[in-house]
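Protein chains in written order, with this note's numbering: chain A, 1 to 424; chain B, 1 to 263.
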């Protein structure tokens with residue numbers, strides 16, 4: 001092992017939010033490897049206290065700028081579960097299609113704008129605009145399609161105004177939706193360019209065994225609601241999410257951490273894929289296999305590839321959903337909401353992993369208690385333990401400070417952390 | 001692209017060095033910068049981005065325009081913001097959090113901020129002061145409103161800066177844009193809406209999607225609040241519903257903090 005080593009990254013770049021990496025090795029011994037979350041909290045759970053139910057999706061969607069649709073959906077599900085509202089089939093289809101497009105835009109943003117520069121020796125996507133214009137244009141095209149469909153269904157890709165408890169304020173008509181079928185069918189060509197591009201990259205061969213937590217698929221790859229499972233064999237009901245997350249406060253972090261069967265667990269695309277591989281679309285499944293990505297994969301860097309696989313899956317599934325929608329009749333439906341006292345939980349697989357919203361209401365529908373458990377919050381402990389193992393392993397392999405700094409940054413980036421979100 | 005002098009109708013385009021910074025926020029407004037992909041490459045050819053932590057590792061403090069997203073909640077943020085102000089020729093408050101405190105300022109309605117902290121962190125010490133808008137700490141040259149900001153509006157403003165043209169922000173309310181979009185009035189659909197008093201410029205984004213306005217862009221000029229309240233009450237909306245909307249983004253009730261608490 002190298003005798004001394006210092007890595008000090010303040011405000012890691014190309015991630016959402018503020019986090020620091022510190023690694024110190026002295027006399028060949030790991031003194032510290034630390035993932036510090038220094039994001040400033042916003043106190044959403046307290047902000048909601050005393051507010052009426054209709055404020056919840058509107059305000060909590062603003063926890064996150066990238067996955068605001070996911071937050072809005074989790075919030076709506078929690079309110080609907082508390083009030084005993086069951087969404088109709090078409091509402092479910094539109095919500096899932098919207099969810100898929102958020103997954104596509106978020107994964108594309110992460111892979112093509114934030115991760116890609118690491119593999120192409122660039123500091124950002126900006127120099128790639130000149131050196132690899134075709135790649136950037138393709139990435140922009142995928143992102144555009146996803147955002148356009150989000151705009152159409154949700155009314156806006158960030159903080160979607162059409163999404164409400166009981167349904168939608170407004171839905172697109174057939175004429176508006178129809179062209180997206182062809183666009184979705186064509187976008188796979190662009191996605192396959194990225195599949196081949198990533199195939200040429202050397203993914204760091206780092207493995208640390210951990211536990212993976214996600215929703216449990218029932219006949220299909222899970223996104224909105226259902227039971228909770230872990231790769232260590234834990235199985236729970238959605239409403240028992242607290243036993244699945246076990247949040248606790250730690251020093252040097254404004255985000256809470258989580259644990260389950262071990263010292264840490266992971267959520268996100270890799271966890272979803274590890275736990276629900278059988279439900280992937282066959283084309284996505286083949287791509288996963290071609291990267292050696294089969295359950296249970298314990299290399300955190302493979303989360304990037306899992307996201308890529310999910311991009312293909314959600315595009316294929318969106319084509320199915322859109323066909324189903326176009327084959328049906330839909331009217332702009334919004335169920336009447338009758339508030340009642342009670343507790344509701346909503347679990348949704350957002351791009352970075354499983355997200356929980358939980359509210360308790362009084363009989364007027366005012367929020368007595370609110371709790372949001374964020375994917376990145378669940379990943380922090382796993383990032384920390386990965387960082388320690390990575391520092392020791394690569395120091396033993398004789399890598400220098402700057403190489404370890406790059407690898408440690410890439411490791412954290414692979415989780416696609418949404419740090420503001422985790423602190424909320 | 002670099003070094004090449006570009007012109008528009010024979011007028012040389014000025015390509016400013018731009019930095020993006022974020023404080024207490026969701027970073028959604030910065031993400032808007034990467035949206036509207038159709039114009040993305042053209043947009044980035046208008047400006048030279050030299051600092052944008054969320055998407056780039058290269059960092060330079062040699063910038064002329066600073067886009068500042070988020071509200072201010074810690075002493076360290078105050079220090080960073082003042083440093084940005086010293087460098088930037090033009091400081092832009094970017095989005096509702098920067099302009100008014102945004103949804104974050106809802107925390108300020110609790111008089112006991114220790115209670116707010118205890119509710120989330122127990123006895124674990126966490127620094128979080130009252131939420132403040134950017135202009136409560138430093139001078140602001142330009143405000144881009146919205147939660148989130150509208151990319152088209154950002155593009156227009158950046159283009160005007162590149163061309164050296166003057167900027168005007170609508171003084172009329174969202175209601176005007178909503179009418180121009182030929183929407184059915186939200187009041188007639190039984191929805192509360194702050195469109196009659198909120199500053200336009202978003203092209204009635206929410207009302208056009210049949211969701212009542214929550215006032216994220218703050219007040220238009222010459223707001224008739226009495227009439228607003230009369231309309232809302234006339235349509236049967238409770239004071240609680242009206243207050244929920246008026247206080248949501250902080251634009252209608254900016255909380256001013258005494259100067260002595262700013263270090």
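Think of the CB as a built atom: it goes at the ideal place given N, C-alpha and C, for glycine as much as any other residue.
8 Å Cβ cutoff, residue i in contact with chain B
i                      : result
residue 399 of chain A : no
residue 123 of chain A : yes
residue 407 of chain A : no
residue 353 of chain A : no
residue 162 of chain A : yes
residue 340 of chain A : no
residue 420 of chain A : yes
residue 64 of chain A  : yes
residue 26 of chain A  : no
residue 14 of chain A  : yes
Residue i: contacting residues in chain B (beta-carbon distance under 7 Å)
i                      : result
residue 114 of chain A : 55
residue 140 of chain A : 37, 40
residue 158 of chain A : 28, 31, 32, 148
residue 254 of chain A : 126
residue 249 of chain A : 121, 122, 124
residue 51 of chain A  : 244
Contacts of residue i in chain A (Cβ-Cβ under 8 Å)
i                      : result
residue 34 of chain B  : 109, 113, 143
residue 236 of chain B : The contacting residues do not exist; residue 236 of chain B stays about 15 Å from chain A at best.
residue 128 of chain B : 40, 41, 43
Host alpha helix (DSSP H) of residue i (start-end)
i                      : result
residue 121 of chain B : 113-121
residue 90 of chain B  : No alpha helix (DSSP H) contains residue 90 of chain B, which is instead part of the beta strand (DSSP E) from 90-94.
residue 202 of chain A : Element bounds for residue 202 of chain A: n/a, residue is neither H nor E.
residue 248 of chain B : 239-248
residue 385 of chain A : 375-396
residue 141 of chain A : 133-154
residue 234 of chain B : 225-234
residue 15 of chain A  : Looking at the DSSP string, residue 15 of chain A is not in any alpha helix (DSSP H), and its letter there is neither H nor E.
residue 209 of chain B : First-last for residue 209 of chain B: undefined, no H or E at that position.
residue 311 of chain A : 303-326
Chain A residues whose Cβ lies nearer than 9 Å to that of residue i
i                      : result
residue 175 of chain B : None at all; the shortest Cβ gap to chain A is about 16 Å.
residue 172 of chain B : In chain order: nothing, as chain A lies at least about 21 Å away.
residue 44 of chain B  : 126, 129
residue 210 of chain B : 155, 161, 162, 168, 169, 170, 332
Cα-Cα separation, residue i to residue j
i                      : j                      : result
residue 386 of chain A : residue 73 of chain B  : 31 Å
residue 37 of chain B  : residue 113 of chain A : 13 Å
residue 407 of chain A : residue 8 of chain A   : 13 Å
residue 41 of chain B  : residue 36 of chain A  : 35 Å
residue 302 of chain A : residue 310 of chain A : 12 Å
residue 344 of chain A : residue 47 of chain A  : 18 Å
residue 53 of chain B  : residue 250 of chain A : 26 Å
residue 6 of chain B   : residue 45 of chain B  : 10 Å
residue 175 of chain B : residue 358 of chain A : 35 Å
residue 259 of chain B : residue 106 of chain B : Low confidence applies here, because residue 259 of chain B scores a pLDDT of 43, under 50, leaving its location unreliable; read the following figure in that light. So the alpha carbons of these two residues sit roughly 21 Å apart.
residue 55 of chain B  : residue 14 of chain A  : 4 Å
residue 245 of chain A : residue 193 of chain B : 38 Å
residue 62 of chain B  : residue 126 of chain A : 17 Å
residue 263 of chain B : residue 23 of chain B  : Per-residue confidence for residue 263 of chain B stands at a pLDDT of 33, beneath the threshold of 50, marking its modelled position as unreliable; no derived number is given.
residue 365 of chain A : residue 167 of chain B : 45 Å
Spatial neighbours of residue i in its chain, beta-carbon cut-off 6 Å, leaving aside the 5 residues before and after
i                      : result
residue 203 of chain B : 177
Beta-carbon contacts of residue i that lie in its chain and below 8 Å, excluding the five residues immediately before and after
i                      : result
residue 132 of chain A : 120
residue 219 of chain A : 279
residue 161 of chain A : 154, 155, 169
Beta-carbon neighbours of residue i, restricted to chain B and to distances below 8 Å
i                     : result
residue 58 of chain A : 214, 248
residue 68 of chain A : 26, 28
Continuous beta strand (DSSP E) stretch holding residue i: start and end
i                      : result
residue 469 of chain A : Residue 469 of chain A is absent from the structure shown; chain A starts at 1 and stops at 424.
residue 35 of chain A  : 29-37
residue 66 of chain B  : 65-69
residue 156 of chain B : Not the beta strand (DSSP E): residue 156 of chain B falls in the alpha helix (DSSP H), residues 151-163.
residue 19 of chain B  : 17-22
Residue-level contact to chain A via CB, residue i, 8 Å cutoff
i                      : result
residue 116 of chain B : yes
residue 49 of chain B  : yes
residue 58 of chain B  : yes
residue 25 of chain B  : yes
residue 10 of chain B  : no
residue 106 of chain B : yes
residue 110 of chain B : yes
residue 254 of chain B : At residue 254 of chain B the pLDDT is 49, less than 50, meaning the model places this residue with poor confidence and gives no usable figure here.
Proximal residues to residue i (C-beta, below 7 Å), its chain only, five neighbours per side dropped
i                      : result
residue 308 of chain A : 111, 194, 195, 198
Under 9 Å from the C-beta of residue i: neighbouring residues of chain B
i                     : result
residue 11 of chain A : 53
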